[in-house]
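Take the sequence shown: its letters are residues -28 to -1, 1 to 649, numbered as in mature numbering (1 follows the signal peptide of the UniProt record, and there is no 0).
All residues carry an ideal CB built from backbone N, CA and C; glycine is no exception.
Structure, as structure tokens:
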Amino acid sequence: MDSSAGEYGMARLGLFLVLMGLWRSSDACPASCTCSISRIVCIDSVPGIEDFPVLTLDDMENITEIYIANQNRLFDINDNSLRHYINLRNLNLRDNNLSTLSWRIFQNFNSTLPLVLSGNPLDCVCENLWIKLRIQEDADSQDLKCTDDRGETSSFSTLTPPDCVVPRVEVSPKNVTKMQGSNVKAVCTATGSPLPEILWNLDLLSSHHEIDPLETQSTLTLSGLSPDDNGRVIICSAENMVGQMEATLQLNILFAPTIQQLLEPEQNHHWCIPFSVTGNPKPELQWYHDNAPLEEQDYIHTQIHLSTENEDHGCLQLVNPTHIHNGVYRLVAKNKFGRDEKKVSAQFIHPPETGEGPNYDYTPLLDDSVAVYVVVGIAGVALTGCVLMVIILKYGRNTKFGIKGSSSVISNDDDSASPLHHVSNGNNTPSSSEMGPDAVIIGMTKIPVIENPQYFRNSGSMLKSDTFVQHIKRHNIVLKRELGEGAFGKVFLAECYNLTPDQEKLHVAVKTLKEASESGRADFYREAELLTNLQHEHIVTFYGVCVESDPLIMVFEYMKHGDLNKFLRSHGPDAVLMADGQHSILVELTQSQMLHIAQQIAAGMVYLASQHFVHRDLATRNCLVGENLLVKIGDFGMSRDVYSTDYYRMEAFYSLVLCLSDPSLNQTVPSAVESEI
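What follows is the structure in structure tokens.
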């Protein structure tokens, strides 16, 4: 019952709104007409109308069809009668008392507007010739006729009144290219009968202008051309009672660039430094960071959001900037007519805090005898230390480092694939129940590790469908050659198809999982999820995984020059000795290039720190080198190339990366961000 009552109430409301719309229209609607929301019909001759109905402005804008007939008092129509019927689509004026119609009534409508005029006593005069030109094909179907001054009636299609010619107009020159501040003259010439009136449309023109009108031509003089008028089209029109014609003048104003604004960085989806630049021709843009030219790439580039004839609006977009991107950014815009520049300061991330070191007092001793005693004392301590070291090396082999028993049985082979050896048997080994899920045994010591919340997520998900790791079809991966082999698998150069929409194939590096054990698979899936979230210009790009069948595969970007360890050795002072007989010319790295390499690695590590991630194995062998000395951090636990020179072995019990590790790794303290930065 309630639902039927509600439907009845809604129906009454709809009917009320329709009646209100009709009432609003009929409030201003003449008595001889019927007005609805979109249509006006006037067919009653009594009392009749003398012009188009004038409704409210909103109602006239909604009208799409007008039908007026049998109006004996409708002799003429004002030029502005249809000005507000902007959405008119059909107009029927048959069987009224119209004798002449001006083309100006319909100048704001498309020439395809259907117009019915049959049944009107039109005169055969020049003023009506435009009707013949407009509805030539439809004149016979409407049976249009006109009456001449002798009272004779003839078909409208044969109307040829004397001295009645449509205007023709021409502007010279049609296109003008001038420098800012120059002067220009343009002449508009018109012909037609009756003699047409020449008009220039100078709306919104910024340059100073003067018009010199003559009988058949009009001269326009522009002085001090303004850049605001660049690209502007000036219209010259010629009109008489027969119709109207137009010609145009195109302005191309040349001027030096101007940087209208350069704003401080703002963070939307990415960081953006907004700017607006004007200039013609379009200026070239060059960015400088702390007075050094900025090389644009995927992670930092210029984007133009809106471009007009005179102005470009855009921004310098930075993806995940770090503290090394802080500084002063300078934009230089230049073309062949000049240049302009502006600066803005940017701070994206606060630099890492560095604590002040101890304040040592280096005041020299005044007494020479005291200095002699100090030197002798230091020499004595050093000599004692050397003697103790010799004794330890000679007699201490089977005391501290020579532990006997089954727990010390660890392979002495030098091709161990991992710097950390886990002891799995013996009585002195910490039990698995005492160890956390990520505890590591170095020698006989258990070292706890801080777990990265982004890295150590629940590995039970095994790349469920709700993760963001990209899956790549195995048939899209074509292996080319082997690049290396690590503890967890091999690395190949491959071609990957359909990886990006703009490239059919791409050279990539693929890592394969050697042993598909449960723990190996768990590490594989966990690392894939981690790498998907690490996106930085100095972190190796991770494209996705292939898990369709064994072996499991990870797909990374291919870095042309391999790992940083080999790159440094092949470009160092002893590069000739490391060349393996190759005759290629090896260039030694300069100090500035090595500093550039270190800066890139530091930027990547700062990013990892900002993500609360501890790499725990940062070494030159785990950094990769691409083109143009681009260095990126890689190898987050899946594949590790082993360099024997990086390890110091202690009687085959364990190996430690002493030359690269933080001292905390040799103590019973957790690994943290500070271990790497």
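Just reading off the beta strand (DSSP E) that residue i is part of, what are its end residues?
i: Thr119; result: Lys117 to Thr119
i: Thr193; result: Gln189 to Ser195
i: Leu167; result: Premise fails: Leu167 is in no beta strand (DSSP E) and is neither H nor E.
i: Arg45; result: From DSSP, Arg45 is part of no beta strand (DSSP E); its letter is neither H nor E.
i: Arg302; result: Gly299 to Asn307
i: Arg106; result: Segment Leu101 to Arg106 is the alpha helix (DSSP H) holding Arg106; no beta strand (DSSP E) there.
i: Ile296; result: Element bounds for Ile296: n/a, residue is neither H nor E.
i: Val316; result: Gly310 to Ala318
i: residue 663; result: Because the chain in this structure spans residues -28 to 649, residue 663 falls outside the shown range and cannot be described.
i: Thr484; result: Gln475 to Thr484
i: Ala210; result: Val205 to Glu211
i: Val586; result: Segment: none, Val586 is in no beta strand (DSSP E) and carries neither H nor E.
Can you tell me which of the options puts its alpha carbon nearest to the alpha carbon of residue i?
i: Pro253; options: Phe247, Thr274 and Ala228; result: Ala228
i: Lys306; options: Leu257, Leu365 and Val316; result: Leu257
i: Cys208; options: Ile225, Ile276, His261 and Pro139; result: Pro139
i: Ile15; options: Asn68, Leu29 and Thr36; result: Asn68
i: Leu234; options: Leu561, Cys244 and Cys595; result: Cys244
i: Ala570; options: Thr84, Leu536, His543 and Val586; result: Leu536
i: Met32; options: Ser8, Leu278 and Thr280; result: Ser8
i: Asn82; options: Ile58, Pro545 and Pro93; result: Ile58
i: Ala581; options: Pro185, Pro323 and Phe440; result: Pro323
i: Thr513; options: Gly576, Glu313 and Ile49; result: Gly576
i: Leu94; options: Ile77, Asp121 and Thr84; result: Asp121
i: Asn298; options: Ile321, Thr280, Lys477 and Gln289; result: Ile321
i: Glu560; options: Ile573, Asp546 and His568; result: Asp546
i: Pro133; options: His277, Ala(-1), Met151 and Met213; result: Met213
i: Glu480; options: Arg453, Leu502 and Gly492; result: In the sequence on display, residue 480 carries Val and not Glu. Of the candidates Arg453, Leu502 and Gly492, the one whose C-alpha sits nearest the C-alpha of Val480 is Arg453.
i: Asn263; options: Glu238, Ser317, Thr356 and Ser90; result: Ser317
i: Asn52; options: His533, Asn594 and Asn80; result: Asn80
i: Arg498; options: Leu278, Glu22, Phe608 and Ser279; result: Phe608
i: Arg66; options: Gly91, Phe309, Val300 and His56; result: Gly91
i: Glu313; options: Ile231, Glu236 and Tyr579; result: Ile231
i: Ser129; options: Glu281, Lys104 and Ala488; result: Lys104
i: Phe309; options: Ala343, Gly352, Gly251 and Leu186; result: Gly251
For residue i, is the classification buried or exposed, using 16 other Cβ atoms within 10 angstroms of its Cβ as the cut-off for buried?
i: Val249; result: buried
i: Gln319; result: exposed
i: Ser542; result: buried
i: Pro168; result: buried
i: Gly196; result: exposed
i: Glu520; result: exposed
i: Leu365; result: exposed
i: Leu593; result: Reading off the sequence, residue 593 comes out as Arg, not Leu. Buried.
i: Glu599; result: exposed
i: Ala3; result: exposed
i: Ile363; result: exposed
i: Arg55; result: exposed
Is the beta carbon of residue j closer than 8 Å to that of residue i?
i: Asn42; j: Ser71; result: no
i: Met531; j: Lys462; result: no
i: Val304; j: Tyr260; result: yes
i: Ser74; j: Glu99; result: yes
i: Ile183; j: Ala210; result: no
i: Gly20; j: Trp102; result: no
i: Leu223; j: Met151; result: no
i: Cys518; j: Ile573; result: no
i: His181; j: Leu192; result: yes
i: Val205; j: Thr220; result: yes
i: Ile525; j: Thr472; result: no
i: Leu63; j: Leu27; result: no
i: Cys96; j: Leu46; result: no
i: Gln289; j: His273; result: yes
i: Ile77; j: Ile40; result: no
i: Ser154; j: Ser178; result: no
i: Tyr515; j: Phe496; result: no
i: Val482; j: Glu467; result: no
i: Val441; j: Glu501; result: yes
How far does the alpha helix (DSSP H) with residue i in it reach, from first residue to last?
i: Gly458; result: Careful: Gly458 lies outside any alpha helix (DSSP H) and carries neither H nor E.
i: His219; result: Checking the displayed sequence, the identity of residue 219 turns out to be Ala instead of His. Per DSSP, Ala219 belongs to no alpha helix (DSSP H); it is in the beta strand (DSSP E), Gln216 to Leu234.
i: Lys538; result: Leu536 to Ser542
i: Ser582; result: Gln563 to Ser582
i: Tyr497; result: Glu490 to Asn505
i: Asp32; result: The residue asked about is misnamed: residue 32 is Met in this sequence, not Asp. Run containing Met32: Leu29 to Asn34, per the alpha helix (DSSP H) assignment.
For a cutoff of 8 Å on Cβ pairs, would you count residue i as touching chain C?
i: Leu167; result: You won't find chain C in this structure, because it holds only one protein chain.
Taking 7 Å as the line, does the beta carbon of residue i fall inside it for any heavy atom of the ligand MN?
i: Gly164; result: Of the ligands one can find in the structure shown there are none, so the ligand MN has no counterpart to examine.
Exercise. May I have a chain-ordered list of the beta strand (DSSP E) segments no shorter than 3 residues that lie completely inside the segment 49 to 93?
Key: Unbroken beta strand (DSSP E) runs of no fewer than 3 residues, entirely contained in the segment 49 to 93, are found at 62 to 64, following chain order.
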